[in-house]
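As they're listed, the protein sequences go chains A and B.
Just so you know, we're using my numbering here: the first sequence kicks off at 1 and counts up by one.
Just so you know, we're using my numbering here: the second sequence kicks off at 185 and counts up by one.
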Amino acid sequence: METLHPKARRDPFGSKINRAHSPLLAIGLPWLTIMLGSLTPWLPIIAPAPILPPFGFMLLLAWRLLRPGLLPLWAGLPLGFFDDLYSGQPLGSGILLFSLVLMAIELIEARFPWRNFWHDWLTASAILGPYLVVAALLSGAALTFVQLTMILPQLVISIVVFPVLARLVARLDRLRLMRFRRIG
Amino acid sequence: MGLFTAYVVAGLGALFGAALLIISLVRPETFNGLRSMAADAASPAGEAGAAGRTESQGFFEAIAGYYRAGSRNAELEREMEVARVRLAEAQALKQENERLKAVLGLTHGETRPVAVARLIGSTSASARRIGYISAGRADGVRPGMPVTSPMGLVGRVLETGSRSARVLLLTDSESMVPVRRASDNLVAFAEGRSDGSLRLRLVTLGTNPIKRGDVFVTSGSGGLFRPGIAVGVAMEITRDGAIAQVLSNPAATDFVTVEPIWQREGYEAVRSPPRSDTPEE
């Protein structure tokens with residue numbers, strides 16, 4: 001009898017026979033990673049000024065841009081709430097901004113349905129700028145010109161770091177679709 | 185779920201967020217309980233990370249000192265030398281003060297720390313400057329208590345969970361500390377600028393006698409902070425005061441001490457909600 005190539009029943013996500021995706025991982029991993037990103041304030045960095053990028057928000061962007069439809073449109077409510085608990089922003093600012101951004105991306109994608117690396121990066125950058133400014137305005141801190149210029153370095157770091165995060169999310173997406181569950 | 189329904193739900197979510205935001209901006213203390221619970225839940229992980237921070241201090245300082253890299257570094261080092269000398273001078277004055285008080289027979293209650301805790305983390309991505317420490321209500325920490333390090337004042341406790349507390353750092357723009365010049369009684373207010381420095385505003389207007397390198401310590405007015413804790417060193421003279429560098433840089437701080445409120449009666453008499461303790465301009 002003709003033997004099949006040993007790789008014939010496999011793809012990058014594992015064996016195609018007898019295995020299936022784990023729903024927990026396939027649905028839960030984006031939520032988990034975004035929430036881990038929101039825990040940035042617990043990193044052992046005591047910053048004298050806002051210098052770290054908003055990792056939770058950027059992971060949300062990266063997941064949303066990589067896999068449209070994976071996160072529901074209302075995901076901003078729970079994820080923003082979780083972010084607010086730790087970010088130091090007044091409660092509600094994350095909920096508001098995350099929800100608005102998810103809707104904005106939905107509208108952007110209805111208008112520009114193409115996607116490539118540059119397009120995603122541009123979208124993310126165009127969203128990160130207003131996000132950081134509005135978040136600073138809503139933070140309840142007494143803002144002067146000095147404080148607003150301090151957002152600039154943070155914005156530059158965020159924009160530069162975004163492709164790295166997008167790459168990380170792409171890796172996590174492969175993990176997400178691994179067939180771990182054994183059937184039969 | 186159809187696209188329309190999804191938009192409606194997301195829109196409602198956004199409105200809900202906006203409502204919460206307005207509530208928490210108008211009454212910032214409303215959701216303290218929620219946040220404290222969340223902080224308690226995450227603090228063990230943060231504490232483990234903080235333990236490793238001391239060893240990797242150099243690396244993190246490089247990140248934190250991002251703004252003042254290169255040319256300003258040498259300048260800062262020189263300022264630090266000056267600051268140390270001035271601190272020693274302040275120390276000498278304090279000792280003399282102590283001695284004179286002893287001569288007069290005044291009792292000076294030794295402040296016994298409430299708790300010693302690790303500085304776990306800070307809101308490094310937000311415009312607010314809030315830190316987390318690893319001691320809470322169970323250790324006797326209460327809102328309002330000053331947090332100090334051996335180098336000087338770090339901030340004050342904002343909210344307490346049972347095992348962790350949120351600390352309003354000196355550099356937060358909502359933080360305002362009454363200070364005086366260590367060498368004389370020139371009084372000023374030290375406001376945070378949320379970029380790692382403080383803005384000193386003189387109480388008396390007129391000529392500005394502050395010079396670069398002047399060290400400022402807490403004055404004790406208001407009753408919250410005991411007098412004589414080092415706060416900052418003036419770096420840059422402005423029209424109505426100076427821009428000061430914080431002496432106890434939280435990034436270089438590992439353990440902090442939570443002290444009791446200095447004069448509880450005095451503090452409670454002038455106490456007002458955190459958002460309105462800024463004098464009207």
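Where is the CB? At the ideal position from N, CA and C, for every residue including glycine.
Item to check | Rounded Cβ spacing between D379 (chain B) and P48 (chain A) (contact assumed at less than 8 Å) | outcome: 7 Å
Next on the checklist: Quick check on the burial criterion: 16 or more other C-beta atoms within 10 angstroms. Buried or exposed for G186 (chain B)?
Outcome noted: exposed
Checklist entry - Buried or exposed: which applies to N433 (chain B), given that a residue is buried once 16 or more other Cβ atoms fall within 10 Å of its Cβ? => result buried
Item to check | CA nearest to the CA of S381 (chain B), picked from B:V417, B:L271, B:G336, B:E443 | outcome: B:V417
Checklist entry - What is the residue span of the alpha helix (DSSP H) that T189 (chain B) lies within? => result 187-210
Item to check | Within 8 Å, strictly: CB atoms of S308 (chain B) and I45 (chain A) | outcome: yes
Checklist entry - Going by DSSP, what residues sit across from F400 (chain B) in a beta bridge? => result B:R365, B:G416
Item to check | 8 Å Cβ shell around E465 (chain B) - same chain, five flanking residues per side excluded | outcome: For E465 (chain B), the predicted structure reports a pLDDT of 41, less than 50, and the residue's modelled location is therefore unreliable. A value from the coordinates is still provided. Excluding residues within five positions, none has a Cβ falling inside 8 Å.
Item to check | Host alpha helix (DSSP H) of T123 (chain A) (start-end) | outcome: 117-138
Next on the checklist: From the DSSP secondary-structure annotation, give me the bridge partner or partners of R10 (chain A).
Outcome noted: A:S15
Next on the checklist: I'd like to know whether the C-beta atoms of W63 (chain A) and L73 (chain A) end up nearer to each other than 8 Å.
Outcome noted: no
Checklist entry - What first and last residue would you give for the beta strand (DSSP E) that runs through T149 (chain A)? => result It is not in any beta strand (DSSP E) - T149 (chain A) instead sits in the alpha helix (DSSP H) that spans 145-149.
Checklist entry - So, is the C-beta of V351 (chain B) closer than 8 Å to a C-beta in chain A? => result no
Next on the checklist: Can you tell me where the alpha helix (DSSP H) holding E106 (chain A) begins and where it ends?
Outcome noted: 93-111
Item to check | Neighbourhood of K278 (chain B) by C-beta, 6 Å cutoff - its chain only, sequence neighbours within 5 removed | outcome: G412
Item to check | Sub-8 Å separation of E358 (chain B) and A141 (chain A) beta-carbons | outcome: yes
Item to check | Neighbour list for A49 (chain A) in chain B, Cβ cutoff strictly below 7 Å | outcome: Y251, S378, D379, G380
Checklist entry - For G88 (chain A) and chain B, any beta-carbon pair shorter than 8 Å? => result yes
Checklist entry - Do you know offhand how far Q429 (chain B)'s Cα is from E273 (chain B)'s? => result 18 Å
Checklist entry - Any heavy atom of the ligand PLP within a distance shorter than 7 Å of the CB on L29 (chain A)? => result This structure simply doesn't include the ligand PLP, nor any ligand for that matter.
Next on the checklist: Going by the DSSP bridge assignment, what does R383 (chain B) pair with across the sheet?
Outcome noted: B:E375, B:I427
Checklist entry - Are three or more beta carbon pairs between the region 342-356 of chain B and the region 312-326 of chain B nearer than 8 Å? => result yes
Next on the checklist: Given this structure, state the Cα-to-Cα distance separating P228 (chain B) from R171 (chain A), to the nearest angstrom.
Outcome noted: 28 Å
Checklist entry - Counting only beta-carbon atoms, is P41 (chain A) nearer than 8 Å to chain B? => result yes
Checklist entry - Taking the alpha carbon of V351 (chain B) as the point to measure from, which residue in B:L271, B:A190, B:V325, B:A426 has its own alpha carbon closest? => result B:V325
Item to check | DSSP beta-bridge partners of M360 (chain B) | outcome: B:E375
Next on the checklist: Would L91 (chain A) and S208 (chain B) be called neighbours here (beta carbons separated by less than 8 Å)?
Outcome noted: yes
Checklist entry - Using a Cβ-Cβ distance under 8 Å, would A124 (chain A) count as near chain B? => result no
Item to check | Nonlocal neighbours in the same chain, by C-beta distance under 7 Å from G230 (chain B), ignoring five residues either side | outcome: I304, G305, Y316
Checklist entry - DSSP puts S306 (chain B) in a beta bridge; with which residues? => result B:G315
Checklist entry - Quick one: which chain A residues come within Cβ less than 8 Å of R312 (chain B)? => result G88, Q89, S139, G140, A141
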